[in-house]
Amino acid sequence: MLSVKNLVKEFNGLTAVNNISFQVDEGKIFGLLGPNGAGKTTTIRTILNIIKPTQGEILFDNKKISNDFFNIIGYLPEERGLYKKSKVIDVIRYFGELKNMSADSVQKEAKQWLEKLEMTDYVNKKVEELSKGNQQKIQFITSVIHNPKLLILDEPFSGLDPINQQMIKEKILDFVTSGKIIILCTHQMETAEKLCSEIFLMNSGKEVLSGSISKIKKQFGGNNVKLEYDGDASFISNLPFVIHADIYNNYAEVQLKDSFKPSEFLKAVVEKVSVSQFSVIEPTLNKIFIDSISKSAGN
Amino acid sequence: MKKIFAIAKWEYLEKIKTRAFILSLIISPLLIISFSLLPSFFVSRGETSTRAVGILDETGLFFENLKKDLSSIKLENGQPAYVVVNLYNGEDFSSSKTSADDQIIKEKIDGYLLISGNSMESAKAEYRSKNIPPFGELKNFESKINSIRVNRKLVEEGINPEIMNYISREITINNILVEEKGKERKSDFGVMFFSSFIFIILLMMMVIYSGQMLVRSLVEEKSNRIIEVLISSSRPEELLAGKIIGLSALGLTQILIWLLIGVGLAGSALVTPDAFKNVLPVLVYFILGFVLFTAIFVGIGSIITTEQEAQQITGYLSLIIMFPVVIAIPAMQNPDTTFMQVLSYFPLTTPTLMILKYNITAVPLWEFGITVLILILSIFITIKVTSKIFRIGILSYGKRPTSKELMSWLKEK
């Protein structure tokens, strides 16, 4: 279990992280979300023990985080980069050895991971000869090769095509089932929504909201529907019981007044356009993100 | 320890494979050898073909003897050095001179000696030619003409010309350096110069070269954030030590290869074995100096964020490192001045000055001990300070830290 307690980090009088606390259990993917400059990277760096907190503490299995944890932590930084002029296998071996792995086990694990990510053809290529996506897959391998108990992934999907995104997603899900802790930093709310069981949303160094996704959604509530249709639906925005409507070509998301029944809305709409699908929806994490960040910025 | 080794191994193996390293391995000694040997090669290179040289002797007193003297000079391959031509046309002196000059222009002769005047006492000489004669040739002609002049005078005065042989023999002074009982060696400025200079220049080149390589790789690791992975896997001190050890091993590989080349050259007599006489103490200073400079480079490298800055700063550093080379010649001529004494205890100049000293004078053991101790101590302090700067410096991107920030980093625990 990883717990961050009352973490504060100041740089030259500027507060990057302002008194945040959260807890992550084994076997869970934890989403650390927030806009640029929210303090995510600083939080990660203190967890990695790269920088020391000004106040508060970080405990891993009830022990204060220290350099002794180096070998059980895996980290994929946001910025992509490996030694460009070096061979793929050499780079993997180096990062493995930096985590105290023996030459044999690095070799074995490297082979398995390269197979899993369909990268065996590139073993003896130089990193710079690989496509950006493939470089990123190699970097992912370097962060998991030593089978870390705590894995921190900063934007693991940016720059990957859908197929590779899916591949990495599967590997992450496989990984977490064996009782690991994964912290996922991302801007992609859709991904966070699918992968994370709990999230922590921060802005300007402070907590905005946190908890399990289902709880947050319930808490955010709202009376939302979506529909697919044919015809001109622009009139929907002007209906008296509609608070807000996002209307696309033949798809719309509509927020209704709390007391208004979705079935009444459907009745009012079917007269004007032909509806092919209609359902009541929960707010997306993306919407919750945008709403709560703009609300916290407004305060 | 295991991680230090892993880091050192990585730095060593990845750098040794680069094209830049292999090139420098070959090109640097080639440059040094050509810089140090080519000039002397050109200067001492003898003529290889017989040349036509004329004599126009207005006095008529020199021609016969001079012709005999010049014709007897042999080239290295045994052929005569000169074919001597009498340029007097039997009529008058000034028309002979005009036609002689004409022969130079038409390149029938290389040049001619014009001896004018009407007596031994008033004789004057000039050498007329299209090109400047080879180094030392005029001196040679001068001494021939003068010995003819003196010989004639001696004969006139009734003195045995054998006396001339006695007069022309000179005693030259050899300088013998006495270092220990029963141990002495001939001093030779040339040998001294080359043997110490080769090592000093090698040190400079290696420090500058590997320093740049180090700073560049640090900047790369910073710019693509590999550094974050590195320091979330190992302590900054381990990273620092690994890098210094890896690079020093790289430098040693370089020296080793160059030494082998050097021994090969010594075998072929291009470099005298004397150049390797003090090789052990020199190597000690060499390695310690290298490690010290590398540690300084690491500290500076860690606060640099862009390639351009890296080039600027390594440029300045290189100038500082070059400083001892500038004072090398005065130091060699005058190793005992207070200034030089002080500099040889100042860590940044200790390695070069001590390498010089070993080739100039006998260095007592206590001096070796103290200077080595100073170097080791300064390496230790540099690494201590550097690792603090390094710890925070490698995480700062964007702007370079101010001196105030640097001070606060040093105080941080």
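Taken in order, these protein sequences are the chains called A and B. Per numbering that gives the first Met the number 0, the first sequence runs over residues 0 to 298. Per numbering that gives the first Met the number 0, the second sequence runs over residues 0 to 412. C-beta atoms are modelled at their ideal positions from N, C-alpha and C, and glycine is treated no differently. In this text the structure is predicted, and so the values were computed from the model without any measurement.
- Only 222, 223, 224, 225, 227, 228, 229, 230, 231, 232, 233 and 234 from the segment 222-245 of chain B bring a Cβ to less than 8 angstroms from some Cβ of chain A.
- When DSSP states are grouped into helix, strand and coil, residue 201 (chain A) belongs to the strand group.
- At least one CB atom of chain B sits nearer than 7 angstroms to the CB of residue 97 (chain A).
- Counting along the chain, the unbroken beta strand (DSSP E) around residue 29 (chain A) starts and ends at 27-32.
- By a beta-carbon distance limit of 8 angstroms, residue 11 (chain B) does not contact residue 202 (chain B). Their separation comes to about 19 angstroms.
- Shown here for residue 125 (chain B): same chain residues with a beta carbon closer than 6 angstroms to its own, the five before and five after excluded, namely 113 in chain order.
- Distance check between residue 147 (chain B) and each of B:133, B:122 and B:134 places B:122 closest, using alpha-carbon atoms only.
- Residues of the segment 44-68 of chain A that bring their beta carbon within less than 8 angstroms of a beta carbon in chain B comprise 44, 47, 48, 49, 50 and 66, in sequence order.
- For residue 113 (chain A) and residue 133 (chain A), the gap between their C-alpha atoms comes out near 11 angstroms.
- A distance of 7 angstroms or more separates the beta carbons of residue 175 (chain A) and residue 232 (chain A).
- Residue pairing of residue 208 (chain A) in beta bridges, as defined by DSSP: A:200.
- For the options B:227, B:88 and B:214, the alpha carbon positioned closest to that of residue 310 (chain B) is the one of B:214.
- One Cα belongs to residue 57 (chain B), the other to residue 333 (chain B), and the distance between them is close to 51 angstroms.
- Taking every protein chain shown into account, the CB of residue 67 (chain A) has fewer than 16 other CB atoms within 10 angstroms, so this residue is exposed.
- Taking C-beta atoms under 8 angstroms as the contact rule, residue 239 (chain B) and residue 385 (chain B) qualify, at a distance of about 6 angstroms.
- For residue 84 (chain A), the C-beta contacts it makes with chain B under 8 angstroms involve 13 and 17, in order along the chain.
- Between residue 137 (chain A) and residue 90 (chain A), the beta carbon gap of about 7 angstroms places them in contact (Cβ cut-off 8 angstroms).
- In the DSSP assignment, residue 79 (chain B) forms a beta bridge with B:73.
- Segment contact: the segment 225-243 of chain A against the segment 266-280 of chain A, three or more CB-CB distances shorter than 8 angstroms; contact assigned.
- Of B:20, B:90 and B:339, the smallest CA-CA separation from residue 359 (chain B) is found for B:339.
- Listed along chain B, the residues sitting closer than 8 angstroms to residue 94 (chain A) by beta-carbon distance are 228 and 232.
- The continuous stretches of alpha helix (DSSP H) do not include residue 229 (chain A), which lies in the beta strand (DSSP E) extending over residues 222-229.
- When DSSP states are grouped into helix, strand and coil, residue 279 (chain A) belongs to the strand group.
- Less than 7 angstroms separates the beta-carbon of residue 293 (chain B) from that of residue 246 (chain B).
- Interface with chain B (7 angstroms Cβ-Cβ cutoff): residue 147 (chain A) is excluded.
- Contact check for residue 69 (chain A) against residue 232 (chain B) passes: the beta carbons are separated by less than 7 angstroms.
- Residues of chain A with a Cβ closer than 7 angstroms to the Cβ of residue 365 (chain B) do not exist; the shortest Cβ-Cβ separation is about 42 angstroms.
- Under the Cβ criterion of 7 angstroms, residue 248 (chain B) is not counted among the residues facing chain A.
- Apart from sequence neighbours up to five positions away, the residues of its chain that approach residue 221 (chain A) with a beta-carbon distance below 7 angstroms are 254 and 282, ordered along the chain.
- Looking at the backbone, the Cα of residue 13 (chain A) and that of residue 37 (chain A) are separated by about 13 angstroms.
- Residue 268 (chain A) is classed as buried because its beta carbon has at least 16 other beta carbons within 10 Å across all chains shown.
- Listed along the chain, the chain A residues whose CB falls inside 8 angstroms of the CB of residue 5 (chain B) are 93, 96 and 97.
- By DSSP's assignment, residue 126 (chain B) forms a beta bridge with B:112.
- In the three-state scheme derived from DSSP, where H, G and I count as helix and E and B as strand, residue 4 (chain B) is classed as helix.
- If you look at residue 368 (chain B), you'll find it isn't in any beta strand (DSSP E); it sits in the alpha helix (DSSP H) that goes 364-392.
- Of all residues in the segment 138-166 of chain A, none comes within less than 7 angstroms of chain B when Cβ atoms are compared.
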